[in-house]
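Peer 1: As given, the protein sequences belong to chains A and B, one line each in that order. The end of the first sequence is residue 1124 by my numbering, with every number in the run present. The end of the second sequence is residue 1124 by my numbering, with every number in the run present. The C-beta atom is built at its ideal place from N, Cα and C for all residues, glycine as well. Take a look at this one; I'll ask things after.
There are 2 protein chains.
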Amino acid sequence: MTTSHKAKQTRLSAGRDAEATKAQILDAAEQEFAIAGLTAARTEAIAAQTGVTKTMIYYYFKDKEALYQEVINRALINPLNQIAQLQLEKQPPSQALEQFARFFLQQMSQRPNIASMLFLEAIQNQGKYYPKASIEQLYGMLTKILADGIAQGVFRSLEPRHTAVNIVGTCVFYLAAHENIKHLWKGKRMLSKAMLEEHAEEAINFIKAGVLLNQ
Amino acid sequence: MTTSHKAKQTRLSAGRDAEATKAQILDAAEQEFAIAGLTAARTEAIAAQTGVTKTMIYYYFKDKEALYQEVINRALINPLNQIAQLQLEKQPPSQALEQFARFFLQQMSQRPNIASMLFLEAIQNQGKYYPKASIEQLYGMLTKILADGIAQGVFRSLEPRHTAVNIVGTCVFYLAAHENIKHLWKGKRMLSKAMLEEHAEEAINFIKAGVLLNQ
DNA sequence: GTCTATAACCTGATAGAC
DNA sequence: GTCTATCAGGTTATAGAC
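So this is what it looks like as structure tokens:
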């Protein structure tokens, strides 16, 4: 909170700059938590990747658990707020669905770590650290769009909650499981910009086709 | 390997019965690995759930890693062999796809742990412990069905590999993320037989609609 | 703000008795 | 086959110097 004279210094080994160091720790922690999860994550690894010593983690955060909580909050709250601002409820269902999917895919593609991290959190800690109501907000928007679409006769007769889950799964599985299936695209990097765009297009087409009423 | 006089004794605290104890350890390990992953899994927890002491794990398996490998093999090889026996390549694409999905969903629903475990393995260890070619076998079958369906004009114009990933994701996401989304079905158990059947039906409808050509 | 110890604890793995 | 120690190594978290 000191009036820092160094305006912006995002690079590694930023020297003595509280905000920069804290941000670096959060980024490194996100990376580590995304492949290890809370328990298996090593504070040593986070520190090494940040370029400072373990001590700094405890200087800026109460403990590993608190750091984890802050990383999760940061990862979830921002994207969700942005989606809420799209005001999808004011658009016709099929358009709202496409926009939702496109935006959600874009958010997740920007930081593929997040998808993995949220999976790990669900599996390992039963979602204990999720900010309350975030998940409900996400699925609430989707189920509403789907229910509206059915009522208006543009979507086929489907169960909104199950379908919402299937839609989110379609958006996220590619990212979370990419280490699982990289052999399918021998050579190509699955998280490259081009491949992520390809995934987004295919996912959107799959979702739209899966939901729209045949006529 | 001693000629055991006790034919079958699957219950807990089976006493001195090598095969029973070993099987119990494998089951408990699957459970533990499915929520913790290799690194975060505790041999103590596996032993406790089995009803014997940690020592037994090292009596029957070289180390934690070897136990993990055996659990993964057991989980993957069996289901895949069974799917291969369906001889889907001899059926028309849309029928083959539905049968694949139905069978795969059934397999995964029987042991929801497996879905979580494979996810964790992909995220945490980059699939290092997968039996070589298992994944390729699974996705190979799916992409072939999809390519055939496009060639025959029954499936829409889609990218087979991406769509294969989306299909698997649709089957598996519900299971792997169920702790994430249980609030959506307040009260109901998401892994109950009825709910799993509901999921299977919705997933199959979603997949078929997402793939079939509108006409 | 950042570092170098170091305390206190946990966990994988083994030795040896029964 | 199964158990009771027990060791060696690793990990979180803190104390105290700079």
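Compile a chain-ordered list of the residues in the region 946-979 of chain A whose CB is closer than 7 Å to at least one CB of chain B.
Peer 2: Correct list: Gly946, Thr948, Ala949.
Peer 1: DSSP state of Leu1100 of chain A, grouped into three classes?
Peer 2: Working through the first sequence from its first residue, we reach residue 1100 of chain A at position 191. It is coil, neither helix nor strand.
Peer 1: So, under 8 Å CB-CB, Ala1056 of chain A and Cys1080 of chain A are touching, yes? Tell me the CB distance rounded to an integer number of Å.
Peer 2: Against the first sequence, residue 1056 of chain A aligns to sequence position 147. Against the first sequence, residue 1080 of chain A aligns to sequence position 171. 19 Å between Cβ atoms; not a contact.
Peer 1: Using a Cβ-Cβ distance under 9 Å, would Glu1107 of chain A count as near chain B?
Peer 2: Sequence index remark: in the first sequence, residue 1107 of chain A carries index 198 (1-based). At least one chain B Cβ lies under 9 Å of Glu1107 of chain A.
Peer 1: Could you name the residues of the region 1072-1092 of chain A whose beta carbon sits closer than 9 Å to any beta carbon of chain B, in the order they occur along the chain?
Peer 2: Listed in sequence order: Thr1072, Ala1073, Val1074, Asn1075, Ile1076, Val1077, Gly1078, Thr1079, Cys1080, Val1081, Phe1082, Tyr1083, Ala1085, Ala1086, His1087, Glu1088, Asn1089, Ile1090, Lys1091, His1092.
Peer 1: Quick one, are the C-beta atoms of Lys931 of chain B and Glu998 of chain B less than 9 Å apart?
Peer 2: As a working mapping, residue 931 of chain B is identified with position 22 in the second sequence. As a working mapping, residue 998 of chain B is identified with position 89 in the second sequence. No; because the gap between Cβ atoms is not below 9 Å, this pair is not in contact.
Peer 1: Under 9 Å between C-beta atoms, does Leu985 of chain B make it to chain A?
Peer 2: In the second sequence, counting from the first residue as 1, residue 985 of chain B sits at position 76. It does not; no Cβ of chain A falls within 9 Å.
Peer 1: Would Tyr977 of chain A be called buried (16 or more neighbouring beta carbons within 10 Å of its own) or exposed?
Peer 2: Locating residue 977 of chain A in the first sequence gives position 68, counting from the first residue. Buried, because 16 or more other Cβ atoms sit within 10 Å of the Cβ of Tyr977 of chain A.
Peer 1: Between B:Gln994, B:Ser1025, B:Gln933, B:Glu979, which lies nearest to Tyr1038 of chain B when the distance is taken from Cα to Cα?
Peer 2: Mapped onto the second sequence, residue 1038 of chain B falls at position 129. Selected option, being the one with the closest Cα: B:Glu979.
Peer 1: Can you pull the DSSP bridge partners for Phe1064 of chain B?
Peer 2: Locating residue 1064 of chain B in the second sequence gives position 155, counting from the first residue. DSSP output for Phe1064 of chain B lists B:Leu1121 as bridge partner(s).
Peer 1: Nearest to Leu935 of chain A by alpha carbon, out of A:Ala949, A:Arg925, A:Tyr967?
Peer 2: What you label residue 935 of chain A is simply residue 26 of the first sequence in a count that begins at 1. Per the Cα distances, A:Tyr967.
Peer 1: Looking only at C-alpha atoms, which of A:Ser1101, A:Asp926, A:Met1050, A:Glu1106 sits nearest to Gly960 of chain A?
Peer 2: Locating residue 960 of chain A in the first sequence gives position 51, counting from the first residue. Among A:Ser1101, A:Asp926, A:Met1050, A:Glu1106, the Cα nearest to that of Gly960 of chain A belongs to A:Asp926.
Peer 1: Straight-line CA distance for Tyr1083 of chain A to Ala957 of chain A?
Peer 2: For this step, residue 1083 of chain A is matched to residue 174 along the first sequence. For this step, residue 957 of chain A is matched to residue 48 along the first sequence. Each residue's Cα considered, the two are about 29 Å apart.
Peer 1: Roughly how many angstroms lie between the CA atoms of Ile1076 of chain B and Ile1116 of chain B, to the nearest whole one?
Peer 2: As a first step, residue 1076 of chain B must be located in the second sequence, where it is residue number 167. As a first step, residue 1116 of chain B must be located in the second sequence, where it is residue number 207. Going from the Cα of Ile1076 of chain B to the Cα of Ile1116 of chain B covers about 6 Å.
Peer 1: Determine, for Glu1068 of chain A, whether the minimum Cβ-Cβ distance to residues of chain B falls below 9 Å.
Peer 2: Position 159 of the first sequence, counting from 1, holds the residue named residue 1068 of chain A. It does: the Cβ of Glu1068 of chain A has a partner Cβ on chain B nearer than 9 Å.
Peer 1: With a threshold of 8 Å, are at least 3 pairs of Cβ atoms found where one atom belongs to the region 1011-1020 of chain B and the other to the region 994-1011 of chain A?
Peer 2: Taking 8 Å as the limit for Cβ pairs, the verdict is that the region 994-1011 of chain A does not touch the region 1011-1020 of chain B.
Peer 1: Quick one: which residues of the region 1029-1056 of chain B get their C-beta closer than 7 Å to a C-beta of chain A? List them in chain order.
Peer 2: Residues passing the 7 Å Cβ filter: Leu1029, Ala1031, Ile1032, Gln1033, Gln1035, Gly1036, Ile1044, Glu1045, Tyr1048.
Peer 1: Pop quiz: Ala1024 of chain B and Ala1085 of chain B are said to be a contact at Cβ under 8 Å. What is the actual Cβ separation, rounded to whole angstroms?
Peer 2: To locate residue 1024 of chain B, count along the second sequence from 1; it is residue 115. To locate residue 1085 of chain B, count along the second sequence from 1; it is residue 176. Rounded, the Cβ-Cβ distance is 5 Å, consistent with contact.
Peer 1: Does Glu1111 of chain B come within less than 9 Å of chain A when only Cβ atoms are used?
Peer 2: Position 202 of the second sequence, counting from 1, holds the residue named residue 1111 of chain B. Glu1111 of chain B counts as touching chain A.
Peer 1: Considering just the uninterrupted stretch of the alpha helix (DSSP H) at Ala943 of chain B, what are its terminal residues?
Peer 2: On the second sequence, residue 943 of chain B is found 34 positions in, with the first residue counted as 1. That run of the alpha helix (DSSP H) goes 927-949.
Peer 1: Looking only at its own chain, which residues have a Cβ that is under 8 Å from the Cβ of Val1074 of chain B, when we skip the five neighbours before and after it?
Peer 2: Position 165 of the second sequence, counted from the start, is the residue given in the question as residue 1074 of chain B. Contacts found: Tyr1048.
Peer 1: Taking DSSP as the reference, what is the three-state secondary structure of Arg1011 of chain A?
Peer 2: For the purposes of this step, residue 1011 of chain A is taken as the residue at position 102 of the first sequence. Helix, per DSSP.
Peer 1: Return the chain-ordered list of same chain residues with a C-beta closer than 6 Å to the C-beta of Leu1051 of chain A, the five sequence neighbours on each side being excluded.
Peer 2: On the first sequence, residue 1051 of chain A is found 142 positions in, with the first residue counted as 1. Excluding residues within five positions, the ones whose Cβ falls inside 6 Å are Ala1073.
Peer 1: Measuring only the C-alpha atoms, how far is Ala1103 of chain A from Lys1097 of chain A?
Peer 2: As a working note, residue 1103 of chain A is residue 194 in the first sequence. As a working note, residue 1097 of chain A is residue 188 in the first sequence. If you take the alpha carbons of Ala1103 of chain A and Lys1097 of chain A, they lie about 10 Å apart.
Peer 1: Nearest to Gly1062 of chain B by CA position, among B:Glu1045, B:Ile944, B:Val1120, B:Gly1078, is which residue?
Peer 2: On the second sequence, residue 1062 of chain B is found 153 positions in, with the first residue counted as 1. Of the candidates B:Glu1045, B:Ile944, B:Val1120, B:Gly1078, the one whose C-alpha sits nearest the C-alpha of Gly1062 of chain B is B:Val1120.
Peer 1: Once the 5 residues before and after His1071 of chain B are set aside, which same chain residues still bring their CB inside 6 Å of it?
Peer 2: One-based indexing of the second sequence puts residue 1071 of chain B at position 162. No residues qualify anywhere along the chain.
Peer 1: Quick one: which chain B residues come within Cβ less than 7 Å of Ile1059 of chain A?
Peer 2: For the purposes of this step, residue 1059 of chain A is identified with residue 150 of the first sequence, where counting begins at 1. Within 7 Å Cβ-Cβ: nothing; Ile1059 of chain A doesn't reach chain B, min ~13 Å.
Peer 1: Straight-line CA distance for Gln1046 of chain A to His1092 of chain A?
Peer 2: In the first sequence, counting from the first residue as 1, residue 1046 of chain A sits at position 137. In the first sequence, counting from the first residue as 1, residue 1092 of chain A sits at position 183. Distance between the alpha carbons of Gln1046 of chain A and His1092 of chain A is about 35 Å.
Peer 1: Quick check on this structure: which residue in B:Ala949, B:Leu995, B:Leu985, B:Ile986 has the alpha carbon closest to the alpha carbon of Glu974 of chain B?
Peer 2: Translated into the one-based positions of the second sequence, residue 974 of chain B becomes position 65. Measuring from the Cα of Glu974 of chain B, the nearest candidate turns out to be B:Ala949.
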